[in-house]
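Chains as they are written, first to last, in full-length UniProt numbering: chain A, 1 to 340; chain B, 1 to 340.
What follows is a set of notes on a single structure, which appears directly below.
There are 2 protein chains.
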Amino acid sequence: MAKEITIYDIADKVGLSPTTVSRALSDSPSVRPKTKEKVNQAAKSLGYRSNIFAASLRKKSTHNIGVIVPRLNSSFQSSVLAGMENIASQAQYNLIISQSLESSKKEQTNALTMYNSHVDGLLVSMAENTGNTDHFKPFTEKGIPLIFFDRTPDEPSSPSIIIDNTQAAYAATSHLLDQGCRNIHHIVGNSGISTYKNRIKGFKYALMDRQLPYTEEQNIYSVLNEESGEEIANIILQIDPLPDGLVISNDACAASCIQYLKKKGIRIPQDIAIVGFNNDAISRLIEPNLSTINYPGYEMGEIAMRNLLLRLSENDDSPGTNETITLKSELIVRESSLKK
Amino acid sequence: MAKEITIYDIADKVGLSPTTVSRALSDSPSVRPKTKEKVNQAAKSLGYRSNIFAASLRKKSTHNIGVIVPRLNSSFQSSVLAGMENIASQAQYNLIISQSLESSKKEQTNALTMYNSHVDGLLVSMAENTGNTDHFKPFTEKGIPLIFFDRTPDEPSSPSIIIDNTQAAYAATSHLLDQGCRNIHHIVGNSGISTYKNRIKGFKYALMDRQLPYTEEQNIYSVLNEESGEEIANIILQIDPLPDGLVISNDACAASCIQYLKKKGIRIPQDIAIVGFNNDAISRLIEPNLSTINYPGYEMGEIAMRNLLLRLSENDDSPGTNETITLKSELIVRESSLKK
DNA sequence: TTTTAAAATGAAATCGATTTCATTTAAATT
DNA sequence: AATTTAAATGAAATCGATTTCATTTTAAAA
Numbered sequence: 001m002a003k004e005i006t007i008y009d010i011a012d013k014v015g016l017s018p019t020t021v022s023r024a025l026s027d028s029p030s031v032r033p034k035t036k037e038k039v040n041q042a043a044k045s046l047g048y049r050s051n052i053f054a055a056s057l058r059k060k061s062t063h064n065i066g067v068i069v070p071r072l073n074s075s076f077q078s079s080v081l082a083g084m085e086n087i088a089s090q091a092q093y094n095l096i097i098s099q100s101l102e103s104s105k106k107e108q109t110n111a112l113t114m115y116n117s118h119v120d121g122l123l124v125s126m127a128e129n130t131g132n133t134d135h136f137k138p139f140t141e142k143g144i145p146l147i148f149f150d151r152t153p154d155e156p157s158s159p160s161i162i163i164d165n166t167q168a169a170y171a172a173t174s175h176l177l178d179q180g181c182r183n184i185h186h187i188v189g190n191s192g193i194s195t196y197k198n199r200i201k202g203f204k205y206a207l208m209d210r211q212l213p214y215t216e217e218q219n220i221y222s223v224l225n226e227e228s229g230e231e232i233a234n235i236i237l238q239i240d241p242l243p244d245g246l247v248i249s250n251d252a253c254a255a256s257c258i259q260y261l262k263k264k265g266i267r268i269p270q271d272i273a274i275v276g277f278n279n280d281a282i283s284r285l286i287e288p289n290l291s292t293i294n295y296p297g298y299e300m301g302e303i304a305m306r307n308l309l310l311r312l313s314e315n316d317d318s319p320g321t322n323e324t325i326t327l328k329s330e331l332i333v334r335e336s337s338l339k340k
Numbered sequence: 001m002a003k004e005i006t007i008y009d010i011a012d013k014v015g016l017s018p019t020t021v022s023r024a025l026s027d028s029p030s031v032r033p034k035t036k037e038k039v040n041q042a043a044k045s046l047g048y049r050s051n052i053f054a055a056s057l058r059k060k061s062t063h064n065i066g067v068i069v070p071r072l073n074s075s076f077q078s079s080v081l082a083g084m085e086n087i088a089s090q091a092q093y094n095l096i097i098s099q100s101l102e103s104s105k106k107e108q109t110n111a112l113t114m115y116n117s118h119v120d121g122l123l124v125s126m127a128e129n130t131g132n133t134d135h136f137k138p139f140t141e142k143g144i145p146l147i148f149f150d151r152t153p154d155e156p157s158s159p160s161i162i163i164d165n166t167q168a169a170y171a172a173t174s175h176l177l178d179q180g181c182r183n184i185h186h187i188v189g190n191s192g193i194s195t196y197k198n199r200i201k202g203f204k205y206a207l208m209d210r211q212l213p214y215t216e217e218q219n220i221y222s223v224l225n226e227e228s229g230e231e232i233a234n235i236i237l238q239i240d241p242l243p244d245g246l247v248i249s250n251d252a253c254a255a256s257c258i259q260y261l262k263k264k265g266i267r268i269p270q271d272i273a274i275v276g277f278n279n280d281a282i283s284r285l286i287e288p289n290l291s292t293i294n295y296p297g298y299e300m301g302e303i304a305m306r307n308l309l310l311r312l313s314e315n316d317d318s319p320g321t322n323e324t325i326t327l328k329s330e331l332i333v334r335e336s337s338l339k340k
């Protein structure tokens, strides 16, 4: 293992003090351009790389941003991450990513690790079964910017980036009602997370606004992924009378559900009209094409990261507003919900 | 911003030296159990967290692993990352992830950033247009473990984790031949990457082994994603005579291609039989279900990370074997290729 | 009880960049 | 040319944990 070059080595080579070398390398205005050039050249020729530990030890900033997501291998989450990475790398920040795997316990461990790694800021999309947010307190207490996105706590004590889930579910449901559906069910995640709570609200309001009956039984709680589609389809098939419309909170899940329903001889949308959520690639590829809520993952990632960087650059200790940024989402109507 | 607690604060509180505190916290055998307990308790009550910079500055290890992928938001890549994260977090390592966006230039920048961030090891899946691997030299020169996965350089100077792309393409092509196809084309990534080169080999060998003609024109080079499917379909439609079989190196691309071909009145598999690559969720959901190569992303991630950690724990400076680990892949036959 | 060996603890140097404060050098002013 | 002012550089302290080497304490052996 070759020895690392330090600023002292550079200082020796160019006959200056380490102080000046340090300043030259960080492009300080109090160093002559000529000197800077000399130093930079020597640095390059020696193969110098800055020791970030020594630097961080003094500066107390890592240029690392932590991100905790439920799952890395989810089409929505990975889009968000892609957006975040894009902005972060432009600003010379690194991304430290970990996944909670929907486990509240692992989320706590992740948070602790992030804290101990001294990330400059933290972005979190919560695990489904996470009840409280105590494990994030160390961040807020130390003044480390913390922003939630998509899966946000019920009572946001920190800024959040979300879509208007109430409105989105309202739009999806209203659309089905417009298509003549009168027995709609709502497949939704089971948890205390605001995301799903609000979708349930939107579903309910859409019915109530038309003086149509709403009962809690219309919500079917389930894990939402490709695997659960069949299981959900079986539950649907046992409902009597058979529903004529479904709002399913996840496209991958909706797609596999549709596939199974079709196998069982159900016609989509004639027998059951369906709207999904996310506008995943799959929604454009299954038959019939899936109506869905377009949910801007990549943009959400970009916005969350920009917002975090903004807070980092505000070098004061201001408490910071706990605003909630709500992104637009839109209903995309395709064949799966068009009865007429 | 509250002041950080250091081992000196703990030392003061319990009336011991920082030395002993340091040793107690790292569970050194030369500290009495009683003393350890006292120190740990004080640490907890003071809200101590170790300053990793100070520690890293001395120990010269960060417990950070860098990963460079072409795209975060790809179903395959995010599975790989999920597998990596899983193993890394168990071993108390952090993942620093960045994406090259298929740009060789950005890959170089990423590599430099990783190098300057002093990652303990690096895992890389190369961008399509990356010709050489000079930008990874600093790692090998400094003895920092570097492992390539999936998209590996042509002449692996570092260990690689791949699947046998030659064999996989051979299997896909042979299957189509078994189905009676005699005019097969191969949709493949355009680049000098070994992945695609080997698939082309496999395609060719399958034909040659049956004494069937092979020409370079049978390979169609393209970007492989959902968006390019339509474009590719158009190219296919203009081939005269129309191919009766396609091997498409990516499921998402194959799916959108199938959709477009169907729109144009082509029957799958009767007119054209198709085999994809990756076993993405989409392959199980489109109609007809897509035959594909099952390509173990999650496992690949786990194996790559385990291998890297192994190299890190071998605390000697041994050159390390440049072995290539080849994972099994398998052809999954579904409707899209079954002519009989 | 004394001697010897082992276990436990501490003092101080170290890792390498940054920063405060002091000093030297150069440029501007009279 | 002498003085003032600004620009450029340097010495040394600092960040906090680790580690080497020395010292003290405790336990085991004589």
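Yeah, the Cβ is synthetic: ideal placement off N, Cα and C, and Gly gets one too.
What does the alpha-carbon distance come out to for the pair residue i and residue j?
| i | j | result |
| --- | --- | --- |
| Cys253/A | Phe277/A | 9 Å |
| Ala91/A | Gly192/A | 35 Å |
| Met126/B | Glu299/B | 18 Å |
| Lys328/A | Ser75/B | 25 Å |
| Met114/B | Leu95/B | 11 Å |
| Ser26/B | Ser79/B | 35 Å |
| Glu128/B | Pro70/B | 8 Å |
| residue 348/B | Leu57/B | As displayed, chain B neither begins before 1 nor continues past 340, which places residue 348/B out of reach and without an answer. |
| Asp9/A | Asn307/A | 40 Å |
| Val39/B | Gln99/A | 32 Å |
| Leu224/B | Asp280/B | 14 Å |
| Ser45/A | Ile7/A | 13 Å |
| Asp154/A | Ser194/A | 5 Å |
| Ile187/B | Leu177/A | 44 Å |
| Ser174/B | Val333/A | 41 Å |
| Ser89/B | Leu246/A | 39 Å |
| Ala255/B | Arg182/B | 22 Å |
| Ser318/B | Leu123/B | Residue placement at Ser318/B is poorly supported in this model, since its pLDDT is 49, which falls under 50; the coordinates are not used for a value here. |
| Leu312/B | Asp120/B | 8 Å |
Can you tell me whether DSSP reads residue i as helix, strand or coil?
| i | result |
| --- | --- |
| Asn198/B | helix |
| Leu290/A | coil |
| Thr109/B | helix |
| Ala171/B | helix |
| Ser228/B | helix |
| Gly15/B | coil |
| His185/A | strand |
| Ile147/A | strand |
| Ser160/A | strand |
| Pro6/B | The sequence shown places Thr at residue 6/B, not Pro. Residue state, collapsed to three classes: coil. |
| residue 386/B | Examination of residue 386/B is not possible in this model, given that chain B is present from 1 through 340 alone. |
| Thr133/B | coil |
From this set, the options, which residue's C-alpha is nearest residue i's C-alpha?
| i | options | result |
| --- | --- | --- |
| Ile303/A | Lys38/A, Gly83/A, Ala24/A, Glu128/A | Gly83/A |
| Ser61/B | Tyr298/B, Arg306/B, Ile144/B | Ile144/B |
| Ser337/B | Gly297/B, Arg267/B, Asp280/B | Arg267/B |
| Asn132/B | Ser157/B, Gly301/B, Ala255/B | Ser157/B |
| Leu242/A | Ser228/A, Ser50/A, Gln270/A, Ile68/A | Gln270/A |
| Asn116/B | Ser30/A, Ile282/A, His63/A | His63/A |
| Asp12/A | Ser30/A, Ser28/A, Ala43/A | Ala43/A |
| Gln167/B | Ile293/B, Val67/B, Ile248/B, Ser160/B | Ile293/B |
| Gly229/A | Tyr260/A, Lys34/A, Asn289/A | Tyr260/A |
| Asn51/A | Ser50/B, Ala54/B, Lys262/B | Ala54/B |
Regarding residue i and the ligand MN, is the C-beta to nearest heavy atom distance less than 7 Å?
| i | result |
| --- | --- |
| Ser103/A | With respect to the ligand MN, the structure offers nothing, as it holds no ligand at all. |
Closer than 9 Å, Cβ to any Cβ of chain B: which residues of the region 257 to 270 of chain A, in chain order?
-> Ile258, Gln259, Lys262
Every unbroken beta strand (DSSP E) inside the region 58 to 114 of chain B [3 residues or more] | 64 to 69, 94 to 99
Between the region 198 to 219 of chain B and chain A, which residues of the former have CB atoms less than 9 Å from a CB of the latter, in chain order?
-> none
Can you give me, in chain order, the residues of the region 96 to 109 of chain A that have a beta carbon less than 7 Å from any beta carbon in chain B?
-> Ile96, Ile97, Ser98, Gln99
Could you run through the region 8 to 19 of chain B and flag, in chain order, every residue whose CB is less than 9 Å away from some CB of chain A?
-> none
In chain order, what residues of the region 150 to 175 of chain A put their CB closer than 9 Å to some CB of chain B?
-> none
Give, in chain order, every unbroken run of the beta strand (DSSP E) that is at least 3 residues long and sits entirely within the region 215 to 282 of chain B.
-> 219 to 221, 245 to 248, 273 to 275
Under 9 Å (Cβ pairs) to chain A, residues found in the region 45 to 56 of chain B = Gly47, Arg49, Ser50, Asn51, Ile52, Phe53, Ala54, Ala55, Ser56
What are the uninterrupted segments assigned as beta strand (DSSP E) that are 3 or more residues long and contained completely in the region 27 to 52 of chain A, given in chain order?
-> Runs of the beta strand (DSSP E) inside the region 27 to 52 of chain A: none found.
Given a limit of 7 Å on CB to CB distance, which residues of the region 268 to 298 of chain B reach chain A?
-> Ala281, Ile282, Leu285, Ile286, Glu287
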